[in-house]
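All you need for my numbering is the position in the sequence shown, starting with 1, plus 1.
A short worksheet on the structure shown next.
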Amino acid sequence: MGTLARLLFGHERAVFSNGRFGFDLRPRWWLIILLTILLGGFIHFVYIRPRFRIKRHTTVILAALRTALIGLVVFMLLKPVVVVSSVVPRSSYVALAIDDSLSMKLQDTPGRLTRLAYAKQMLLAPPSAGKNSFLTDLEDKFKTNLYGFSGEVTSVADGNTLYGEGRTTDITGALDEIAKRSSGMPLSAVILATDGAANVSRDLDATLRELRARDVPVFTIGVGDTSRPLDAELSRINVPRRVLVGSRANIDAFVSLSGYGATKVLLNVREDGRAIKTEVFNLRGSDTQAVKLEIVPSTPGFHRYTVEITPLDGEVTIDNNRQDALVEVIEGPMRILHVEGEPRWELGKIRESLSLTEKNITIVSLQRTGENKFYRQGIGGEQELVAGFPKTEEELFAYDGLVLGSVEASFFTTEQLRNIEAFVARRGGGLLALGGRFSFDGGKYKGTLIDDLLPLALEGHKVDDAESYAPVYKAQLTGAGQEHPITRLNEDRSVSQKTWNDLPPVSISEILKTVKPGATLLLEAKRVGASSPAVPLLGQQKYGRGQTLALTATDTWRWRMRMDSKSNAHETFWRQMLRYLVSGTPKQIEVGAQQDVYVMDDTVSVVADIRDKHFNPVNDARATARITKPSGATLDVPLKFTSINDANVYTGEFKADELGQHGIELIANSSSLGQVSAKSNMLVSDLNREFYGAEQNTGLLKRIAAETGGKYYQLSDLQSLLDDLTYRKTPYSERITKDLWDMPINFFLIVGLLSAEWFLRKREGLA
């Protein structure tokens, strides 16, 4: 289309879009009026006044054709011109940067060339058959600096040193570096040829603002297929960073399909290289969907989990079918304090469900038997809880989880209620509130700090006393509950669902109807034989550094006593509930990488969280992270106290230069704590982000161009790019005048108008 326009109009499109129209010959106004009158008189006497036997519309057409012809001739006699700014040849610089990363090896261009090969062919190929290359034409107009970029920017003489081996694409860094290298030079523009697969996190907005302030536009050239190619991509996986040994844990896998319809996808899971699971999922096409895979780590330590999609037919690449995760599997015992204000079966059956097989959870129970009298179980020493519920933060924070049974708010002092809130928010512990006669509103918790903690709002109504202990509510899984590690009672989803269907009803002494924003409902309860809507039964939410759960049932022991003796549903539910309650409880001193998995050449951010016995951040420590690489080499990384996402922590960085698991050891000394230490691991994976998001990122490229005053192009439209670079108003351009009277289209119009008039006259017998 551009070539045809240039043939017809004699000039480049950019001349017209960027220029200003005018006339070299400017007659006086009276002459224009006189010519108009003469033209009107001519048309009147020649076409309108004669009374030939021709149709009226033919007369009108003939008059219009002759008017257009005379008007065109007058237009040409006035010598029309366009005045446009044009760059002074070789007076300024243009930076041409070509993406040299691995994603440029994908073959989705015309002729099945790799993206890089196609880009080099279109941009850098030597002249042939009398036709210049784009680079040659560019160098005729500008002094040109040629760069290759991926994770770094390198100056290149030609395309022979571009191999597509870069493991990352840092577009922001490339623009920053080019701007830095061009400081003090008359830089007219930056040309960026890339697929847009940026995968290094930087402040792009700041870079674009700086380029705009310097009046340096970025002209982007998109490389690669703009439509989504045939591909199945495992975009990411979410896995708990820490799991209690033997606990169920979910892997949330996000699968992106493009170019496929509804498809069966096989997901394989490996633990430390050993295949442990394969599941089939029926997915809809051209969409990103989340699926869940369940794992049960059986040995403590740091384990590498690999999730992989079995390749589908026709995929453009299979290098994006895999993701890795590193999970710390910890041993107990984790200690949970269970408080009851009255004797009841629930506590006994919970303890019994864990007594035989659970070695990693210890329940320390405090049951009130009278005024200032308590029955203690599971205590670690004679003095533990001897005075009742812990009175200080230090005592309470010694536990990993807290269960509040049927005990009223007035049982606790104001200070103890504050300590419970701090236990969750600051210490990061888990809180579980159970239904009962003195729970929730029945225990007067409305308006207390506990009210704020709970995932269910305390604005329900009390059940009539006659029905308080009537087992009339049947538990039902919600959508979230079907996959949650608390409520998934069997690895087979259908068996888990059947188990819930078979469980007997329970009683609810108080109905809480409202789930708070941000909370997740895992179980709801439907009244047997009634048409009333289901009510919340089990809710969960994050709160501060910890989490809270609320279970409104008063007698889940029925799931044990009213079931077949072979059923382990009650035992499984409570084991999973309590494991989940404490699985995320942090330690007083922790260290780790900001993310568990990195790739080669990434900058690894090490984060250490050092807290005192009240779990307040310690800011006076001298901290170092000792990194032990897979080869055995060590590296000491100094850590500085800083704030990340409102958390006061110690941070430091190092470059990932070896594949495999790295050990991280915190060595710190504080005036308040003395010498402290902690250990963790992180993984450097052989994955490459270059193949994730395989299609051309046109949105990013258009944004970069628009925000800097440039434009976006395809490789097939390089002439338009060259024209737009040439005919721009810049400090390095001059105004030139181009004639329009001799445009080829004028000749074609004259011939066309005369031919049309002759044909019409011939047809009407007027020739």
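Glycine included, every Cβ here is placed at the ideal spot set by N, Cα and C.
None of the values given here were measured: they were computed from a predicted structure.
- One thing to note: glutamine 483 has its Cβ no nearer than 8 Å to the Cβ of glutamate 525.
- Contact annotation: the segment 212-226 does not touch the segment 84-93, with fewer than three C-beta pairs closer than 8 Å.
- Taking one beta carbon from each stretch, the segment 248-260 and the segment 286-297 have 3 or more pairs nearer than 8 Å; the two touch.
- For lysine 680, the enclosing beta strand (DSSP E) covers residues 675-686.
- Spanning the alpha carbons of proline 537 and isoleucine 319 requires a straight line of approximately 44 Å.
- Secondary structure at aspartate 177: helix, using DSSP grouped into helix, strand and coil.
- Proximity of the segment 720-736 to the segment 227-237 falls short of the contact definition, fewer than three beta-carbon pairs being nearer than 8 Å.
- For the pair of segments examined, the segment 268-281 was found not to touch the segment 651-658: the number of CB pairs separated by less than 8 Å stays below three.
- In the DSSP annotation of this structure, asparagine 373 is not part of any beta strand (DSSP E), being labelled neither H nor E.
- Counting the other CB atoms within 10 Å of its CB gives asparagine 283 a total below 16, which places it among the exposed residues.
- Distances from the alpha-carbon of methionine 601 to those of Val619, Arg546 and Leu660 put Leu660 closest.
- Exclusion of the five residues before and after glycine 262 leaves Gly286 as the residues of its chain whose Cβ lies within less than 7 Å of its Cβ.
- In this structure threonine 221 touches tyrosine 713 by the C-beta definition: roughly 5 Å separates them, less than 8 Å.
- DSSP places proline 745 within a helical segment (H, G or I) once states are collapsed to three.
- By the criterion of a C-beta distance shorter than 8 Å, asparagine 646 is surrounded by no residue of its chain, once the five residues flanking it on both sides are discounted.
- Within the DSSP bridge table, the entry for tyrosine 733 names no partner.
- Here arginine 243 is bridged, per DSSP, to Glu329.
- With a cut-off of 8 Å on Cβ pairs, the segment 580-593 is in contact with the segment 667-685, counting three or more such pairs.
- Of the residues Lys517, Pro472 and Asp314, the one whose Cα lies closest to the Cα of proline 506 is Pro472.
- Closest by C-alpha distance to valine 408, out of Ser366, Val85, Asp718 and Lys739, is Ser366.
- With respect to the 8 Å criterion, serine 87 and isoleucine 665 are not classified as neighbours on the basis of their beta carbons.
- Here DSSP, grouped into helix, strand and coil, assigns glycine 349 to helix.
- When only Cα atoms are considered, aspartate 442 and glutamate 460 end up about 7 Å apart.
- In this structure, phenylalanine 574 lies away from leucine 688, with their beta-carbon atoms at least 8 Å apart.
- For histidine 571, the enclosing alpha helix (DSSP H) stretches over residues 570-584.
- Assignment of leucine 357 by DSSP, reduced to helix, strand and coil, places it in the coil class.
- The DSSP-derived three-state label of arginine 116 is helix.
- Taking glutamine 662 as reference, the option from Ser686, Ala669 and Thr643 with the minimal CA-CA separation is Ser686.
- With a 10 Å radius around the Cβ and a threshold of 16 neighbouring Cβ atoms, glutamine 697 comes out buried.
- In this structure valine 752 is exposed. Its beta-carbon is surrounded by fewer than 16 other beta-carbon atoms within 10 angstroms.
- The beta carbon of leucine 418 sits closer than 8 Å to those of Ala410, Thr449, Leu450 and Ile451, all from its chain and outside the five residues before and after it, given in chain order.
- Secondary structure remark: continuous alpha helix (DSSP H) runs of at least 4 residues inside the segment 445-502, in chain order: 450-454.
- In the pairwise beta carbon analysis, the segment 110-127 is classified as not touching the segment 323-333: fewer than three pairs are separated by under 8 Å.
- Closest in C-alpha terms to proline 732, from the list Leu70, Gly333, Asn670 and Met186, comes Met186.
- In this structure, DSSP gives asparagine 646 a state outside helix and strand, which the three-state scheme calls coil.
- Taking 8 Å as the upper bound for CB-CB distance, glycine 436 and isoleucine 509 are in contact here, some 6 Å apart.
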